[in-house]
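If you use our numbering, the sequence shown closes out at 330, no skipped numbers anywhere.
Below you'll find the structure, written out as structure tokens, and then a few comments.
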Amino acid sequence: LMTIASRPVLYGEPVIDRGLEEWSREWISADLDDVDFRITITSGAVDAVERLLAQALMRDDAVALEDPCFLASIHTVRLGGYRAVPVPVDAEGMTVDGLRSALEAGVRAVICTPRAQNPTGASLTASRAAELRAVLADHPYVLIIEDDHFSMLSQRHYESLIGPAHRRFALVRSVSKFLGPDMCLAIAATDVETAERLAMRLSPGTTWVSHLLQRLALTQLTDEAVMAEVAAAAAHYAERNSAFAARLRADGIDATPSDGMSLWVEFPQPARTIADRLMRRGWLARTGDDFALDEKAEPSHHLRLTVHDLSDGEAESLVADLVAAGR
Ligand SMILES: Cc1ncc(COP(=O)(O)O)c(C=O)c1O
4 LMTIASRPVL YGEPVIDRGL EEWSREWISA DLDDVDFRIT ITSGAVDAVE RLLAQALMRD
64 DAVALEDPCF LASIHTVRLG GYRAVPVPVD AEGMTVDGLR SALEAGVRAV ICTPRAQNPT
124 GASLTASRAA ELRAVLADHP YVLIIEDDHF SMLSQRHYES LIGPAHRRFA LVRSVSKFLG
184 PDMCLAIAAT DVETAERLAM RLSPGTTWVS HLLQRLALTQ LTDEAVMAEV AAAAAHYAER
244 NSAFAARLRA DGIDATPSDG MSLWVEFPQP ARTIADRLMR RGWLARTGDD FALDEKAEPS
304 HHLRLTVHDL SDGEAESLVA DLVAAGR
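Next up, the structure:
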């Protein structure tokens, strides 16, 4: 911290730490081929999404959201006074028909989680991403926001909806999942116009993300020991989730490990019934109902299970309790 704090930053200086900007540019260039972008630093991904929507949309404008969806995005859209238009998600990400219908319904922005979608764990495949880009090609000014929250921990290749000719886009990468949510920092790569408007939304509020945090993030991102821990964490999530899915399958519950922190498991019964029975056995699991965009949707049959921290013994007893709850 002493080295990071050595030079004070005063009013009027560039708001982005030069070193972090360079590092971010290199990191993101590897995934946004042929796309001209500018870097902005925000106080996390949720902050970026809120400000990105605010700089592009008016009240009542429609926003395409994945269904089921990350809760904070649902809240951000509701609190901003925008209209959420659901786009179903399957194992390969947003569906093509779903996105097409949302665009026909006039959405002005699309929020997509390209990898480790929360809650389903789905990641875009190369072919699905190409199909979605083709649908978006006729709508170059619809703002695409990609929330790549699992980035460094993901086991999947990054596939994007952002084509080289798309005019309004933001790829947002928070450091929350691999450096910790208290860093309150995300890197946003956007087109130039969006970067300028985003900077205007930041200046009257937080003004800038503290250079202390920016330097601290950069110090960790360029430290081999920290990066080795991040790689170990990525392997840990993947290995624990896959082992748990194998245990479930061995006991007759169909489960496929996907990318992300959690498993998304389908049951023949409504998930609420299973979750209530689990609660009586001391487990707390979220049902898919919590993540549905339409409050009147049919009851969900999915549970989101976060199991990577369980010991082998605990995992075994959870599987036994899931089997019993499903009877
Ligand atoms: C899809 C998704 N986006 C963003 C975040 C959090 O981002 P931040 O802490 O940077 O606001 C999460 C955290 O769970 C998430 O699941």
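We put the CB at the ideal spot given by N, CA and C, even for glycine.
Query                                                                                                                                           : Result
Three Cβ pairs or more, each shorter than 8 Å: is that satisfied between the stretch 201 to 212 and the stretch 146 to 159?                     : no
Nearest CA to the CA of H305: which residue from G329, R284, A323 and D312?                                                                     : G329
Please determine, among L74, H160 and D150, the residue with the shortest C-alpha to C-alpha distance to S177.                                  : D150
Quick one: what's E25 bridged to in DSSP?                                                                                                       : Bridge partners of E25: none, in fact.
Distance check for R41 and D185, CA to CA, integer angstroms please.                                                                            : 25 Å
Would you say H160 and A140 are within 9 Å of each other, going by their C-beta atoms?                                                          : no
Out of E301, L321 and A300, state which residue places its alpha-carbon closest to the alpha-carbon of T309.                                    : L321
Does DSSP put W267 in a helix, in a strand, or in coil?                                                                                         : strand
Mark S32 as exposed unless 16 or more other C-beta atoms lie within 10 angstroms of its C-beta, in which case mark it buried.                   : exposed
Ligand 1: which residues have Cβ under 6 Å from any of its heavy atoms, chain order?                                                            : G47, A48, V49, F73, T116, N121, D150, H152, S177, S179, P184 and A189
What residue ranges within the stretch 22 to 91 form continuous beta strand (DSSP E) runs of no fewer than 3 residues, ordered along the chain? : 41 to 45 and 65 to 70
Which of the three DSSP states is assigned to E298 in this structure?                                                                           : coil
What does the Cβ neighbour count give for E242, buried or exposed, with the cut at 16 atoms within 10 Å?                                        : exposed
Assuming V90 contacts G83 (C-beta within less than 8 Å), just tell me the rounded distance between them.                                        : Not really, about 18 Å apart at Cβ, beyond 8 Å.
So L35 and L174 are supposed to be a Cβ contact under 8 Å. How far apart are they, rounded?                                                     : 6 Å
When DSSP labels each residue in this structure, what does T197 get in the three-state scheme?                                                  : helix
Buried or exposed, going by whether 16 or more other CB atoms sit within 10 Å of the CB of K3?                                                  : Outside the displayed range of the chain (4 to 330) lies residue 3, so it cannot be described from this structure.
What would DSSP say about D141, mapped onto helix, strand or coil?                                                                              : coil
Kindly indicate which three-state DSSP category S206 falls into: helix, strand or coil?                                                         : coil
DSSP three-state call for E157: helix, strand or coil?                                                                                          : One point to set straight first is that residue 157 is Ser, not Glu, in the sequence displayed. In the structure shown, S157 sits in coil (DSSP, three-state: anything other than H, G, I, E or B).
Please report the residue range of the alpha helix (DSSP H) in which A220 lies.                                                                 : H214 to L224
Could you check which residue in E16, A67 and N121 has the C-alpha nearest to that of G291?                                                     : N121
Taking the CB atoms as reference points, tell me whether R200 and L266 lie closer together than 9 Å.                                            : no
Please state whether DSSP places T276 in a helix, a strand or coil.                                                                             : helix
Do L23 and I44 count as a contact pair if the criterion is CB distance below 9 Å?                                                               : yes
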